[in-house]
Amino acid sequence: MPAILDISGLTKVFPARHGRAPVHALKHINLMLDEGDFIAVMGPSGCGKSTLLNIVAGFDRQDDGTCLVRDRPVSGPGPDRGMVFQEYALFPWMTVERNMIFAMRAAGKYNAEAPARIQATLERMGLWQFRQSYPKHLSGGMRQRLAIARILAIDSPMMLMDEPFGALDALTRAVLQANLVELWQETRKTVLFITHSVDEALFLAERVIVMTPRPGTIVLDRRIDLKRPRDVTTPEFNDLKREILTMISPSLHVPGLHADESVI
Ligand SMILES: Nc1ncnc2c1ncn2[C@@H]1O[C@H](COP(=O)(O)OP(=O)(O)O)[C@@H](O)[C@H]1O
Ligand SMILES: [Mg+2]
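Numbering-wise, numbering that gives the first Met the number 0 puts 10 at position 11 of the sequence shown, and it's gapless, one number per residue.
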């Protein structure tokens with residue numbers, strides 16, 4: 000299987016500003032993703048997770064090392080990489096349908112089949128009856144479904160998701176997680192998903208990456224072999240959860256299964 004993403008020796012230092020010292024955000028990150036892989040990236044706040052994602056997305060540039068998508072260096076954003084942020088990056092003055100049209104035009108994919116594709120995608124995401132609504136009239140979960148729908152319509156092979164469900168209530172979050180797994184199984188897109196929740200990472204991903212505090216380096220790259228649909232109550236799930244929590248906060252004693260994840 001060819002690598003869709005090949006990151007090697009990636010280093011990022013934000014220059015000194017306003018009398019503050021330079022911020023060494025990423026140091027020698029090596030990461031390889033095969034087509035169709037689903038990885039979750041975890042690590043303490045400020046360890047460089049968003050910086051890493053932004054470099055892959057082409058919003059930011061590394062100072063050293065390489066970032067190749069399908070063997071080509073990333074030189075800017077492109078329709079081959081769709082982004083979903085925690086804060087919904089939708090256009091508030093456009094309806095659901097106009098947001099979809101705009102995204103397809105921007106990606107150069109608006110053709111004769113586009114209206115049918117938009118309809119099918121909105122139906123798939125349960126948003127077709129809301130096509131004339133504005134984002135402010137949608138729930139948080141619906142907005143994130145719209146952000147995902149845009150990527151599906153453009154058919155980006157790679158989805159970059161930066162804590163996309165972090166602002167949602169627990170029930171909506173669980174539904175969106177299950178939807179995302181279904182979608183991934185159906186489309187086999189490559190997903191790079193940042194999360195603060197070990198449960199979320201273990202429910203979703205085929206691989207979990209753990210980063211150190213700044214400068215971010217990778218300390219764990221763990222394949223998750225739990226069978227799907229995943230059961231968060233099994234001993235195997237909790238063994239993995241303990242292992243990963245210990246890697247994230249080595250100083251944190253993880254006695255039981257209800258360790259407070261808010262420390263990370
Ligand atoms: N544009 C920027 N200029 C200066 N420092 C930045 C910039 N973006 C991020 N940083 C700093 O780089 C470090 C990593 O940030 P970030 O990648 O957002 O971490 P994470 O997503 O893991 O919480 C933090 O210390 C943050 O303050
Ligand atoms: Mg972040």
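Just so it is clear, CB atoms sit at the ideal spot from N, CA and C, and this is done for glycine as well.
Legend entry - Exposure label - Ala111; buried when at least 16 CB within 10 Å: exposed
Inset, instruction - Would you mind reading off the limits of the alpha helix (DSSP H) that contains Thr65? - result: DSSP places Thr65 outside any alpha helix (DSSP H); the residue lies instead in the beta strand (DSSP E), whose first and last residues are 63-68.
Legend entry - Exposure of Thr194, with buried meaning 16 or more beta-carbon neighbours within 10 Å: buried
Legend entry - Buried or exposed by the 16-neighbour rule on C-beta atoms within 10 Å, applied to Lys26: buried
Legend entry - Residue interval of the alpha helix (DSSP H) (run including Val174): 169-186
Inset, instruction - Flag this pair as touching only if the region 221-241 and the region 58-77 have three or more C-beta atom pairs under 8 Å; answer yes or no. - result: no
Legend entry - Whole-angstrom C-beta distance between Leu9 and Leu191, which should lie under 8 Å: A Cβ-Cβ separation of about 13 Å leaves Leu191 out of contact with Leu9 under the 8 Å criterion.
Legend entry - Close Cβ partners of Arg229 (< 6 Å) along its chain, the five nearest in sequence each way excluded: The answer, listed in chain order, is Phe202.
Inset, instruction - Spell out a yes or no on whether the region 161-169 and the region 11-21 are touching, meaning 3 or more CB-CB pairs, one atom from each, closer than 8 Å. - result: no
Inset, instruction - Taking only heavy atoms of ligand 3 into account, decide whether any of them is closer than 7 Å to the Cβ of Cys46. - result: No copy of ligand 3 occurs in the structure displayed; its ligands are ligand 1 and ligand 2 alone.
Inset, instruction - Mind checking who Leu159 pairs with in its DSSP beta bridge? - result: Met82, Leu191
Legend entry - Residue of Ser74, Leu30, Arg19 minimising C-alpha distance to Ala2: Leu30
Inset, instruction - Mind checking which residues open and close the alpha helix (DSSP H) that includes Gly139? - result: 139-153
Inset, instruction - Measure the C-alpha to C-alpha separation of Ile223 and Ile28 and round it to an integer number of angstroms. - result: 21 Å
Inset, instruction - Whole angstroms is fine: what's the gap from Leu256's alpha carbon to Met246's? - result: Only weak support exists for where Leu256 lies, its pLDDT of 43 falling under 50; the value from the coordinates is given anyway. So the two alpha carbons sit approximately 15 Å from each other.
Legend entry - Buried versus exposed, by CB contacts within 10 Å (16 or more), Gly18: Classified as exposed, Gly18 has fewer than 16 neighbouring CB atoms from the shown chains inside 10 Å of its CB.
Inset, instruction - Report yes if the C-beta of Val161 is less than 7 Å from at least one heavy atom of ligand 2; otherwise report no. - result: This sequence places Asp at residue 161; Val is not what is there. Yes, since a heavy atom of ligand 2 falls inside the 7 Å radius drawn around the Cβ of Asp161.
Inset, instruction - Just the C-alpha distance for Arg60 and Gly125, rounded to the nearest angstrom, thanks. - result: 36 Å
Legend entry - Limits of the alpha helix (DSSP H) - the one that Ser49 falls within: 48-56 is the span of the alpha helix (DSSP H), which, as asked, contains Ser49.
Legend entry - Cβ-based burial, Lys226 [other Cβ within 10 Å; buried from 16]: exposed
Inset, instruction - Would you mind sorting Leu244 into buried or exposed? The rule is 16 or more other CB atoms within 10 Å of its CB. - result: Leu244 should be labelled buried.
Legend entry - 6 Å Cβ shell around Ala258 - same chain, five flanking residues per side excluded: Only weak support is given to the placement of Ala258: the predicted model assigns it a pLDDT of 42, under 50, and the question is left unresolved by the model.
Inset, instruction - Quick one: measure Cβ to Cβ for Lys48 and Val40, integer angstroms, because I've assumed they're closer than 8 Å. - result: 5 Å
Inset, instruction - Please classify Leu203: does DSSP put it in a helix, a strand, or coil? - result: helix
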